[in-house]
Each structure stands twice: as C-alpha cells, then as structure tokens.
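Chains as they are written, first to last, in this note's numbering: chain A, 1 to 234; chain B, 235 to 526.
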Amino acid sequence: MILEVNGLEAGYGVSTVLHGIDLAVQEGEGVVVLGPNGHGKTTLLRTISGLNRPRAGSLRFDGVDVTGWRADQIAEAGLVHIPQGDLLFREMTVEDNLLMGAYVKPTWGERQERLARVYELLPTLKDRRKQLANSLSGGERRMVAIGRGLMAEARLLMVDEPSLGLAPVIIAQVYERIQAIKESGLAVLLADENADHIEQLADRVVLLESGLFVREGPAETLLADEALLSAYLG
Amino acid sequence: MNDLVQVVWSGILSGSVYGLMAIGLTLIWGAVRLLNLAHGSLYVAGAYAGWTVINVAGLPLALAIPSAVLAAAALGLVMHALFLRPMLGRPGWDSASIIATVGIGIALQAAALLMFGPRVKQIPAVAPGSFVVGTVRFSYQGLVVIAVAVVALTLLYLFLRSSRQGMAIRAVSQEMDASALMGVPVERTYALVMMISAGLAGLAGVLLSSIFFLSPTSGFTPMIIALLVTIFGGLGSVKGTIVAAYLIGFFEAAVQVFVGPRFALPGLFLFMIAVLIVRPNGLYGVPEAQRL
Numbered sequence: 001m002i003l004e005v006n007g008l009e010a011g012y013g014v015s016t017v018l019h020g021i022d023l024a025v026q027e028g029e030g031v032v033v034l035g036p037n038g039h040g041k042t043t044l045l046r047t048i049s050g051l052n053r054p055r056a057g058s059l060r061f062d063g064v065d066v067t068g069w070r071a072d073q074i075a076e077a078g079l080v081h082i083p084q085g086d087l088l089f090r091e092m093t094v095e096d097n098l099l100m101g102a103y104v105k106p107t108w109g110e111r112q113e114r115l116a117r118v119y120e121l122l123p124t125l126k127d128r129r130k131q132l133a134n135s136l137s138g139g140e141r142r143m144v145a146i147g148r149g150l151m152a153e154a155r156l157l158m159v160d161e162p163s164l165g166l167a168p169v170i171i172a173q174v175y176e177r178i179q180a181i182k183e184s185g186l187a188v189l190l191a192d193e194n195a196d197h198i199e200q201l202a203d204r205v206v207l208l209e210s211g212l213f214v215r216e217g218p219a220e221t222l223l224a225d226e227a228l229l230s231a232y233l234g
Numbered sequence: 235m236n237d238l239v240q241v242v243w244s245g246i247l248s249g250s251v252y253g254l255m256a257i258g259l260t261l262i263w264g265a266v267r268l269l270n271l272a273h274g275s276l277y278v279a280g281a282y283a284g285w286t287v288i289n290v291a292g293l294p295l296a297l298a299i300p301s302a303v304l305a306a307a308a309l310g311l312v313m314h315a316l317f318l319r320p321m322l323g324r325p326g327w328d329s330a331s332i333i334a335t336v337g338i339g340i341a342l343q344a345a346a347l348l349m350f351g352p353r354v355k356q357i358p359a360v361a362p363g364s365f366v367v368g369t370v371r372f373s374y375q376g377l378v379v380i381a382v383a384v385v386a387l388t389l390l391y392l393f394l395r396s397s398r399q400g401m402a403i404r405a406v407s408q409e410m411d412a413s414a415l416m417g418v419p420v421e422r423t424y425a426l427v428m429m430i431s432a433g434l435a436g437l438a439g440v441l442l443s444s445i446f447f448l449s450p451t452s453g454f455t456p457m458i459i460a461l462l463v464t465i466f467g468g469l470g471s472v473k474g475t476i477v478a479a480y481l482i483g484f485f486e487a488a489v490q491v492f493v494g495p496r497f498a499l500p501g502l503f504l505f506m507i508a509v510l511i512v513r514p515n516g517l518y519g520v521p522e523a524q525r526l
C-alpha cells in the first residue's frame, strides 16, 4: 500500500471541507477522484501532500505515518503533487523550473540524466528550455508542471485536474503523458471534474461529494454507469 | 586624461561601496519581501565585531573580516528565529515586519552604545598606503574594497543562478507552495537568506569602516544609500542593484570631476528622480510580485 488515508478531516478557517475521508492507493494503481467543483478534490490533494494541515485523521505514505508532516518532508519521501494552476516559478526558465523538481538531495546529483529523460518524454520543453515560464502557453505550462513532477524520485504521482483551462487537442496529449507515466509502473492519484479522459488511466474511481466519498468501485463498473455519473457530475 | 582616470577610479570605488551596502538589502527584499531597516545596525555590528577581534582579542586583521561576516550572520539568524519567523505568513506581515526591524535596529544600536561607548572608532585598513599616477591618487584599501565587492557580488549572483540552495531561494520567492512541493524547506530557506543578507551587511561594515568612521549610529547613512541604490535598481533585483550601484558611482564621480563636488549630490538626486519618472519600478524593477 503506497497511500493510506484514514478519517481525514480538513478545512479553512471555520468551514470544514473534508468530513472524514478513507482512501487507499496500491503500488502501481491508478485511482481517480471524481467530483464537481468546490466539493473538496483540491483540498484532499493539498492535505495529502501537506500543504494543508489535517484537522483529524491519519496519513500513511509508503508505510510511514506522515500525519502532520510538512509538505517538503512529504515531498522528500517521494510524493509528487502536480498542483492545480501549475504554480510554476514564473521568473525562472523552463529548464530551471524542471531542475527545481530534482531539489531533493540524492536526486539533485542525477539532475542532468533526469533532465534528459524528461526532455525525451516531453520534447516540446527542450525547444523552450531557455524561455521564462511566464511566457509559455497554457498547454506548455501544464507540460512543464508535469515534467517538473517527473524530475523527482516519485513513489506516487498526484495530479489535480490536468484538463483545467486547456484546449481539447492539448488535453488529449496531457492525459496521454499521464497514462504513459502510470504504465511505467508509478501509482497515480488523479482528481478530475469529469470522466471524459480517464478510462485508460483509472483502475478505481471514487466519487467525492460535499467532502465525503459517496461511491467507490472498479473503473469499469462505475464509468459504465452513465446515470450515476450524470447525477453526480451533471 | 587625468580627469577621466579619476572618474573611472572614483566611479568603480563608489560603485563597489554602494554595491556592498545595498546587495544584502535587496536580497532579503527580493526573497522574503522584508524591508530590513535593521540592515544598518547589522553593518555596524559587523564592524564592531571586526574591531573587537583586532583591538580586544589582538588578532590580525585577516581574521577580523570573516569574524565580522559570521557575527552579523549569526545576528541575522537570531533575528529570524526570534522575531521574523513567528510573523511569517501572518496577516499584516508588510507593516509588522518593518516595525519589528526598526525596533531590532534601535536595540542593536543601543547595545553597541553600551558595549563600545559613543566615541568614534576606526578599523585599520587591510592595505594601508596609496600610490599616485599622474594626478590621481589610488589607495590600496580602495583596491581591496573593489576586489572584495566584485568577488562577493559575482559569487552571490552565481550562487543564486545555479546552485541548489540559490535556486531554492529564487523558487521560494516566486512560488512558496510549489517550492514546498519540490521538497524545499521554506522556513529554513528564509533563515538562510537572512543569514546571507546579514553577513553581507557585516562584510560591508568591517570593510568600509576603515574608509569611513565607526560609531553606534554610523550604519544609518550607508543604509539610506543602500535604500536609494536598491530602489533605483529595482527593489529585489540583484542584477539591477549591481548595475545601479556602479551607475550611481560613475555618475557621482563624473559630476564631481567635470561640474564640481558641490553639485554631486543634487545632480545625483536629479538623475535618480528623472530615471524613476521614466521607470517607476527602477532600472530592472518588475511590477508586483515578480522578483529575484
């Protein structure tokens, strides 16, 4: 088990967003959290990666209790979170952005090899490598965010709404890349607003509504149930 | 010809002095958004640490400079741990941190007054003496100041551009959450910036107190100059600060030589006002929160 979430509660100020989430991700598994906007997907990922503090519940990552750890400690343990809105280092070049993905100590020593590998996987980034991140298009930024995540020695990849704000042609490419990463054996936990692109990627799907998991099951079963999906996702 | 040599020499020397004073201030602003008004007191603290090493401990001058850097950096770390860390990320950071640094500055000044008294002291020059070419007098200490400034500024620039920690400092200044997701310990990085910035203030203090005098309040003028240079170069831009320091140095020297010494300051301020009207964010300034 790479990730185990038990009874997780989190929120902002006086409002509670997550009301007790239980979730487990196996090694190499693809899990997709589906839910409409504003129901806690981003909060769930941010709490798992340590950007938000959990109010209750526990987190185990790779067999270690990481409840209450800081985000940089959890990242060092091998959890890679590609956040919503990409959060690139705007005034840094594409290459420097990618290099930051290898910040963690043992990884830093292999940064050139990793860089070459990421350029191989995402060749557009190589052409843009001297460009500042804030001069890129939305699709290129998403690719940088994914590439930056791949620079790390990941045990689990979390991606928050990879299709957000992108043109349809580019969306297909982005999912293709994530799909390839999953097929290389890495566990992927993905949050999404609709079920349009996840069929290949998902082994298991959970439906999140109002901060609670309302349905959970194998991807084939849940994604085939169109009545259920349209009821929850509209 | 002599005039031109004089302008170049004075310009490079003043530029190095201004650059040394300003670089720590711009670094901490760029990385943490902290306008550190205790910077002048850290400058003085470094100078007194150097003075103590020479005059109380009786050690050679060569040890005074690293001691000054270390003492100021240690003070910077204490400042970070006791006062700034508890305020980081809280609402009202901008005004609260400025007020805190003013208080820390005054406290340090008072401590210096108690420990060393109000009398003016001087730190001996690393390299005393001078030589004359034509009509221009070159001091050896001036050469040392220039060399140290150029080396320190270059090292800082390279450190920020391509080292692991330096890149982390830039990353934290641009996108805090993403930095943490890359594994960068944000608070420790802030502490590191504070130490480097304070260490640079200490270096300026010990080096320049052999050219200027040293008293508990003698950090004030360098800090004001540092502020001017930093704003002129574009707050938070390391490159802008370096360019601004030398530009101001050369401009001042040129006015002094070709127009007359009493026009140097008014001329300099007119020049700065004119540039800031055209470029309100300074030479290399970027509007809003895009720094370093």
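All C-beta atoms, glycine included, are put in the ideal place defined by N, C-alpha and C.
Residues of the region 380–410 of chain B with a C-beta less than 8 Å from any C-beta of chain A: R398, M401, A402, R404, A405, Q408, E409, listed in chain order.
For secondary structure counted as the alpha helix (DSSP H) over 4 or more consecutive residues, the region 41–122 of chain A holds these complete runs in sequence order: 41–48, 71–76, 94–100, 105–108, 111–121. Annotation for M410 (chain B): the continuous alpha helix (DSSP H) segment containing it runs 410–415. Taking 7 Å as the cut-off, the Cβ atoms of L88 (chain A) and L115 (chain A) do not count as close. Residue pairing of L212 (chain A) in beta bridges, as defined by DSSP: A:E209. The beta-carbon of V418 (chain B) is placed less than 7 Å from the nearest beta-carbon of chain A.
In the displayed model, N134 (chain A) falls within a helix according to three-state DSSP. Put simply, the CB of H81 (chain A) is near chain B, with a gap under 7 Å to one of its CB atoms. When only Cα atoms are considered, E27 (chain A) and V64 (chain A) end up about 14 Å apart. With the rule of 3 Cβ pairs closer than 8 Å, the region 439–455 of chain B does not count as touching the region 118–126 of chain A. Neighbours of G101 (chain A) across chain B, judged by C-beta separation under 8 Å: M416.
Against chain A, the CB of A425 (chain B) has no partner CB under 7 Å away; the residue lies outside that interface.
A check of alpha carbon separations from S248 (chain B) across B:P456, B:L309, B:I340, B:L322 identifies B:P456 as the nearest. For R513 (chain B), the three-state secondary structure derived from DSSP is coil. Close partners of A71 (chain A) in chain B (Cβ separation under 7 Å): A414, L415. Here DSSP, grouped into helix, strand and coil, assigns P168 (chain A) to helix.
Taking the Cα of G376 (chain B) as reference, the smallest distance to any Cα among B:L293, B:A438, B:L517, B:A281 is reached at B:A438. Taken in chain order, the unbroken stretches of alpha helix (DSSP H) that lie wholly in the region 263–322 of chain B and span 4 residues or more are 273–289, 295–313.
A direct Cα-Cα distance of roughly 36 Å separates L3 (chain A) from Q131 (chain A). V80 (chain A) places its beta carbon less than 7 Å from that of A152 (chain A).
In the DSSP assignment, the residues bridged to Y12 (chain A) are A:S15.
In this chain, M151 (chain A) is not harboured by any beta strand (DSSP E), its DSSP state being neither H nor E. Below the 8 Å Cβ cutoff, chain B contributes L415 as neighbours of S49 (chain A), in chain order. Close to M143 (chain A), with beta-carbon spacing below 8 Å, lies no residue of chain B; the smallest spacing is near 15 Å. Judged by DSSP secondary structure, L34 (chain A) falls within the beta strand (DSSP E) whose first and last residues are 30–34. 7 Å or more divides the Cβ of A75 (chain A) from the Cβ of G400 (chain B).
For E161 (chain A), same chain residues with a beta-carbon under 7 Å away, outside a window of 5 residues either side, are Q84, A191, D192, E193 in chain order. Taking C-beta atoms as the reference points, A487 (chain B) and S244 (chain B) count as a pair closer than 7 Å.
In this structure, DSSP gives V241 (chain B) a helical state, which the three-state scheme calls helix.
Of B:P450, B:A402, B:N236, the smallest CA-CA separation from M349 (chain B) is found for B:P450. Under the Cβ distance rule, V104 (chain A) counts among the residues neighbouring chain B, one pair being separated by less than 7 Å.
Interface with chain B (7 Å Cβ-Cβ cutoff): L228 (chain A) is excluded. A contact between stretches requires three or more CB pairs, one per stretch, nearer than 8 Å, and the region 455–475 of chain B fails this requirement with the region 212–224 of chain A.
The C-beta of L98 (chain A) comes no closer than 7 Å to any C-beta of chain B. Cβ-Cβ distances below 8 Å link L502 (chain B) to I482, F485, E486, V489 in the same chain, with the five nearest sequence neighbours on each side left out; the list follows chain order. Below 8 Å, too few C-beta pairs join the region 139–148 of chain A and the region 194–212 of chain A to call them touching: fewer than three.
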